[in-house]
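**Q**
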Amino acid sequence: KNEVEQSPQNLTAQEGEFITINCSYSVGISALHWLQQHPGGGIVSLFMLSSGKKKHGRLIATINIQEKHSSLHITASHPRDSAVYICAVKGFPGNTGNQFYFGTGTSLTVIP
Amino acid sequence: EPEVTQTPSHQVTQMGQEVILRCVPISNHLYFYWYRQILGQKVEFLVSFYNNEISEKSEIFDDQFSVERPDGSNFTLKIRSTKLEDSAMYFCASSESRVTEAFFGQGTRLTVV
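Protein sequences appear in the order of chains D and Y. Position in the first sequence counted from 1, then plus 1360, gives you my numbering. Position in the second sequence counted from 1, then plus 579, gives you my numbering.
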């Protein structure tokens, strides 16, 4: 089983601030997912990455495989970014298998 | 943009009843998953499905649960003899392959009374 830890649990930011959310995991993985969950409950996929860095608009995700750590950055944050951000990891066949292990999420509130 | 759709969005059922949650995965995807999220808790894996059979299941997925792909498009989760503790949001997801991005449906909120 892969233990996935996210920090911080809760984050409040002023509009325009640069935000970083961290994710650490305990066992080697084949991929890591960053997901966004809105108050209504629906889950939206933001990134899936297995190495390096990905950028989409104001969102940037990085992963360090050796350190078992990933970060999600939001530049120029906006109130519409307010949501829960979830990290989920998938292992290798025969390791943690074909399932995602989820972190508890980081609840982000961006204040205008 | 293709999306995973789930029906119903909300279901209320009496304890002991059977429920079927429905999902239509993205059409060219081959891997299907069910997850659940009890209110206030993290998302938990239930089961993955590939090539018309279960490829992996968690300890939560006991004999009370079953999955089926009754036709080429639907993927269902059946919960028999529901209990109060089955109340949760149930998410379906699909991916093209084991190593590609998974796309999630909007969820079905199941309330057992």
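Beta carbons are placed, not taken as given, at the ideal position from N, Cα and C, and that holds for glycine. Fair warning: this is a prediction, and the values are worked out from it, not measured in the lab.
1. Would you mind working out which of Y1445/D, A1373/D and G1463/D sits nearest H1398/D, comparing C-alpha positions?
2. Below 8 Å on the Cβ atoms is my contact criterion, and I expect S673/Y with F682/Y to pass it. Report the Cβ-Cβ distance as a whole number of Å.
3. Check whether the Cβ atoms of A1373/D and I1381/D lie closer than 7 Å to each other.
4. What residues from chain Y crowd round H1393/D, counting only those whose CB sits closer than 8 Å?
5. At the level of alpha carbons, what is the spacing between E1363/D and E623/Y?
6. For the segment 599-611 of chain Y against the segment 1414-1429 of chain D, do three or more pairs of beta-carbon atoms, one drawn from each stretch, fall closer than 8 Å, so that the two count as touching?
7. Just list the beta strand (DSSP E) runs in the segment 1367-1404 of chain D, keeping only unbroken ones of 3 residues or longer that don't cross its boundaries, in chain order.
8. Which value, in whole angstroms, describes the spacing of the CA atoms of S627/Y and E647/Y?
9. Within its chain, find whatever has a CB closer than 7 Å to the CB of L609/Y; leave out the 5 residues flanking it on each side and keep chain order.
10. How many Å lie between S1430/D and S1384/D at the Cα?
11. If you reduce the DSSP assignment to three classes, tell me which class E635/Y lands in.
12. When the Cα of S588/Y is compared with those of Q685/Y, S666/Y and L625/Y, which residue comes out closest?
13. So, helix, strand or coil for R1440/D, using DSSP?
14. Let me know if Q1369/D comes out buried or exposed under the rule of 16 or more other beta-carbons within 10 Å of its beta-carbon.
15. Would you say Q590/Y lies against chain D (beta-carbon separation less than 7 Å)?
16. Does the beta carbon of T1456/D sit closer than 7 Å to a beta carbon anywhere in chain Y?
17. When burial is assigned at 16 or more other CB atoms within 10 Å of the CB, is P581/Y buried or exposed?
18. Give a yes or no on whether the minimum CB-CB distance between G651/Y and chain D is below 7 Å.
19. Let me check understanding here. Comparing Cα to Cα, which of M668/Y, V678/Y and T661/Y lies closest to V1449/D?
**A** Reading it off the structure:
1. Y1445/D
2. Rounded, the Cβ-Cβ distance is 6 Å, consistent with contact.
3. no
4. Under the 8 Å cutoff, chain Y gives E680 and A681.
5. 12 Å
6. no
7. 1370-1374, 1379-1385 and 1391-1397
8. Straight through space, the alpha carbons of E647/Y and S627/Y are spaced by roughly 11 Å.
9. Short of 7 Å from the beta carbon of L609/Y, and not among the five residues preceding or following it, lie these beta carbons of its own chain, in chain order: Y629, E675 and S676.
10. 6 Å
11. Of the three classes helix, strand and coil, the one that applies to E635/Y here is strand, per DSSP.
12. Ranking the options by Cα distance to S588/Y, first place goes to Q685/Y.
13. helix
14. exposed
15. no
16. A caution first: T1456/D carries a pLDDT of 48, below 50, which makes its placement in the model too unreliable to give a value.
17. exposed
18. no
19. V678/Y
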